[in-house]
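Notes follow once the structure below has been shown.
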Amino acid sequence: MIRLDAQTHRRADAQVIASVAVLLGAALAPCLSAQGAFSIFAGVRRSSVLVHDQIVNSFDVRPALAPAFSVTAALPLDLPWRASAALDVSTSELRREDFGGGTQAITHLTTAALTVGLSRSLSPWLSGSLRIGAIKYLPSQDLGLFQSGGPFFPFAQIAFDVMPPFATRYGLGLEVNADVHKFITDALRTEGFTESRGVVRVALGLSWTPGSHP
Amino acid sequence: MNPRRTLSVALLLAAACTTPDAPSHTGAYAFDSNGNGSGNVFHWPADRLPVRFWVDPRGNLNALVQNAIDVWQDQLIYGEFTGVIVSDSAHADVQFVWADTAAPTVPPDEGPPVPACGGLTQNDSVGANDHRIYGALHSSINLLVGSFTPGQVEACVRRTVIHEMGHTLGILAEAPDSTDIMFPTPKVPLPSPADRTTIQIRYHTTPTLLPPIR
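Chains as they are written, first to last, in the numbering used here: chain E, 3 to 216; chain R, 1215 to 1428.
Here is the structure:
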């Protein structure tokens, strides 16, 4: 019964995120068709350690290198600023990494972040963005570390998009983004952790802005 | 960079770099077969997870074993143990049975604990040369004769199934304190902090016994 409830909550969380994304898209679509743009990002993401603990020997818990995807909708403000809203998702295995060298899979972990932010051109080939929002952890099972489900955390992200002239004609860019949030779960509190841990994630990949090329 | 922006970036980085201390995992009791640190130690290795449990279909033993799996999974938050109930006893790692009569399925009594049942966990044999356990582990639950209410029996069986599962997971000794679920006649409904630390240390200590071959 408990597990069924947890699955129901997980489905509900996914539905909320999907609904927000759809509503966001629907709300922005008329504006975007007139003067806005949206872009898609695909890349890989590396996360810093979520938990460091020592039971006999020291070990870390962190997500494996993860594919990362995001969709960003942007509207022009007073030049050179743009307002943007983004949904960012990455998914990979959560692992325990023993200091002796062994690793063990704990569960599969997806993160979804919804952000709003500001972007501006920093040079003809470089733009920068600052985004804030919330990140939700979505474990495949409500077990162990995530026995009370996946938590929400406030979230901040900075991104740079490099668009060399030869790629601009295709709407392509090279994006690097870094984000930061604090992480702790109810299970970790029960374990004796009293403070949340700062987590930094860095992603690198290609961005594509349809229709932006001349 | 202006001073305010520098300060903001510094604060963000400081937040990201928070590294809480690992909690102390102390208070464990002896978990080896002699109960004094000189005996054999055992745990299910990562490549044998999930541990397969087969359960006597009579009464509500299935639900009680599932509860015990959930309880022990929640003590090991870093993915050290997962368990699953299987329908084929021939492919089980652990078998849970009623020694004779099944207990009636009623809500557990919430009054003071009454020793209305007993339990036993044993294995077929251990190889003298290869230190391997042979055959599935067997846990049996027996009901004691006396003037117990069905609710008292149910509460006792619930505690005892968790206790016997603790043995099958590697706590081969009995706990010395009556506040622990691994006390010889368990009086508490759930594992104590000492039980939790003991099973955690058990799963981060190299075993001397190998698991049965599947």
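Just so it is clear, CB atoms sit at the ideal spot from N, CA and C, and this is done for glycine as well.
Query - Collapsed DSSP secondary structure at R:SER1247 in the structure displayed - result: For the purposes of this step, residue 1247 of chain R is taken as residue 33 along the second sequence, with counting starting at 1. Coil at R:SER1247, not helix or strand.
Query raised in the report: Cα separation between E:ASP7 and E:THR112?
Result: The residue you call residue 7 of chain E lines up with position 5 of the first sequence. The residue you call residue 112 of chain E lines up with position 110 of the first sequence. Because E:ASP7 sits at a pLDDT of 45, beneath the cut-off of 50, its placement in the model cannot be relied upon, and the following sentence gives the value as read from the coordinates. The alpha-carbon atoms of E:ASP7 and E:THR112 are separated by roughly 19 Å.
Query raised in the report: Between R:ALA1317 and R:VAL1367, is the Cβ-Cβ spacing less than 9 Å?
Result: Position 103 of the second sequence, counted from the first residue, corresponds to residue 1317 of chain R. Position 153 of the second sequence, counted from the first residue, corresponds to residue 1367 of chain R. In this structure, R:VAL1367 lies closer than 9 Å to R:ALA1317 by Cβ.
Requested in this report: Please go through the same chain and pick out, in chain order, the residues whose beta-carbon is closer than 6 Å to the beta-carbon of E:VAL91, but skip the five residues on each side of it.
Outcome: Start at 1 with the first residue of the first sequence, and residue 91 of chain E comes out as number 89. If we look at E:VAL91 and ignore the five residues flanking it on each side, its Cβ neighbours are PHE71, ALA114.
**Report entry** Under the three-state DSSP convention, the category E:ASN179 falls into
**Finding:** Walking along the first sequence from the start, residue 179 of chain E turns up at place 177. It is a strand residue.
Report task. Say whether chain R places a C-beta atom closer than 9 Å to the C-beta of E:ARG199. Result -> Residue 199 of chain E sits at position 197 when you count from the first residue of the first sequence. Cβ-Cβ to chain R under 9 Å: yes for E:ARG199.
Requested in this report: Would you please verify whether the beta carbon of R:GLN1287 is less than 9 Å from any beta carbon of chain E?
Outcome: By one-based count along the second sequence, residue 1287 of chain R stands at place 73. Taking Cβ atoms only, chain E reaches closer than 9 Å to R:GLN1287, which makes this a yes.
Query raised in the report: With 16 as the cutoff for other CB atoms within 10 Å, does R:VAL1279 come out buried or exposed?
Result: Taking the second sequence and counting its residues from 1, one reaches residue 1279 of chain R at position 65. Buried, since its Cβ has 16 or more Cβ neighbours within 10 Å.
Query raised in the report: Taking the continuous alpha helix (DSSP H) assigned at E:THR192, which residues delimit it?
Result: Residue numbering aside, residue 192 of chain E sits at position 190 when the first sequence is read from its first letter. Note, E:THR192: alpha helix (DSSP H), 188-193.
Report task. Could you confirm whether any beta carbon from chain E is found closer than 9 Å to the beta carbon of R:ASP1296? Result -> Counting from 1 along the second sequence, the entry for residue 1296 of chain R is found at position 82. For the sequence presented, residue 1296 of chain R should be read as Thr rather than Asp. R:THR1296 counts as touching chain E.
Query raised in the report: What are the residues that DSSP puts in a beta bridge with R:TYR1417?
Result: Stepping through the second sequence from its first residue, residue 1417 of chain R is reached at position 203. Answer is none; R:TYR1417 lacks a bridge partner.
Query raised in the report: Is E:LYS184 near E:PRO141, with beta carbons less than 9 Å apart?
Result: Counting from one through the first sequence, the residue named residue 184 of chain E turns up at place 182. Counting from one through the first sequence, the residue named residue 141 of chain E turns up at place 139. No, Cβ-Cβ distance for E:LYS184 and E:PRO141 is not below 9 Å.
Requested in this report: Work out the CA separation of R:ASN1281 and E:ALA205 for me, nearest whole Å.
Outcome: Taking the first sequence and counting its residues from 1, the one referred to as residue 205 of chain E is at position 203. Taking the second sequence and counting its residues from 1, the one referred to as residue 1281 of chain R is at position 67. So the two alpha carbons sit approximately 40 Å from each other.
Query raised in the report: Going by DSSP, what residues sit across from E:LEU208 in a beta bridge?
Result: If you number the first sequence from 1, residue 208 of chain E lands on position 206. In DSSP, E:LEU208 forms a bridge with E:ALA44, E:LEU176.
Report task. Report the residue ranges of all alpha helix (DSSP H) runs contained in full by the segment 57-92 of chain E; include only those spanning at least 4 residues, in chain order. Result -> none
Query raised in the report: Any heavy atom of the ligand SAM closer than 8 Å to the CB of R:GLN1289?
Result: Among the components of this structure there are no ligands whatsoever, and the ligand SAM is therefore not found.
Query raised in the report: Looking only at its own chain, which residues have a Cβ that is under 6 Å from the Cβ of R:ILE1395, when we skip the five neighbours before and after it?
Result: By one-based count along the second sequence, residue 1395 of chain R stands at place 181. Within the same chain, R:ILE1395 has close Cβ partners ILE1376, HIS1377, VAL1402, PRO1405, ASP1409.
Query raised in the report: Under the three-state reduction of DSSP, which class applies to E:PRO2: helix, strand or coil?
Result: Because chain E is modelled from 3 through 216, residue 2 of chain E falls outside the range shown and cannot be assessed.
Query raised in the report: Is R:ASP1323 helix, strand or coil by DSSP?
Result: By one-based count along the second sequence, residue 1323 of chain R stands at place 109. Of the three classes helix, strand and coil, the one that applies to R:ASP1323 here is coil, per DSSP.
Query raised in the report: Comparing alpha-carbon positions, which option in E:PHE195, E:ILE134, E:VAL118 lies nearest R:SER1238?
Result: The residue given as residue 1238 of chain R occupies position 24 in the second sequence. Among E:PHE195, E:ILE134, E:VAL118, the Cα nearest to that of R:SER1238 is on E:PHE195.
Query raised in the report: Is there contact between the segment 1339-1347 of chain R and the segment 1301-1309 of chain R, where contact requires at least three CB pairs shorter than 8 Å?
Result: no
Query - Extent of the continuous beta strand (DSSP E) run through E:PHE101 - result: Here residue 101 of chain E refers to the residue found at position 99 of the first sequence. Run containing E:PHE101: none; DSSP gives neither H nor E here.
Query raised in the report: For E:SER131 versus E:SER198, is the C-beta distance shorter than 9 Å?
Result: Sequence index remark: in the first sequence, residue 131 of chain E carries index 129 (1-based). Sequence index remark: in the first sequence, residue 198 of chain E carries index 196 (1-based). No, the pair does not count as a contact, with Cβ atoms beyond the cut-off.
Query - Neighbourhood of E:ARG5 by C-beta distance below 6 Å, restricted to the same chain and skipping five residues each side - result: For the purposes of this step, residue 5 of chain E is taken as residue 3 along the first sequence, with counting starting at 1. Legend: pLDDT at E:ARG5 = 42, less than 50; position of this residue unreliable, value from coordinates given subsequently. Same-chain partners within the cutoff: there are none.
**Report entry** Beta carbon proximity, E:SER121 to chain R, threshold 9 Å
**Finding:** Reading the first sequence from its first residue, position 119 is the one you call residue 121 of chain E. So no, E:SER121 is outside the interface.
Query raised in the report: Counting Cβ pairs closer than 8 Å, one from the segment 1407-1424 of chain R and one from the segment 42-58 of chain E, do we hit at least three?
Result: yes
Requested in this report: Locate the alpha helix (DSSP H) running through R:GLY1365, then write down its first and last residues.
Outcome: Position 151 of the second sequence, counted from the start, is the residue given in the question as residue 1365 of chain R. First-last of the alpha helix (DSSP H) with R:GLY1365: 1364-1383.
Query - alpha helix (DSSP H) segment containing E:PRO167, residue limits - result: Your numbering for residue 167 of chain E matches position 165 in the first sequence. Here the alpha helix (DSSP H) through E:PRO167 covers 167-170.
Requested in this report: Run down chain E in chain order and give the residues with a C-beta less than 7 Å from the C-beta of R:GLN1414.
Outcome: Counting from one through the second sequence, the residue named residue 1414 of chain R turns up at place 200. Simply ILE57.
Report task. Taking only beta-carbon positions, decide if E:SER60 is within less than 9 Å of chain R. Result -> Position 58 of the first sequence holds residue 60 of chain E. Closer than 9 Å: yes.
Query - CB contact flag (R:LEU1351, R:GLN1287, <9 Å) - result: Position 137 of the second sequence, counted from the start, is the residue given in the question as residue 1351 of chain R. Position 73 of the second sequence, counted from the start, is the residue given in the question as residue 1287 of chain R. Contact: no.
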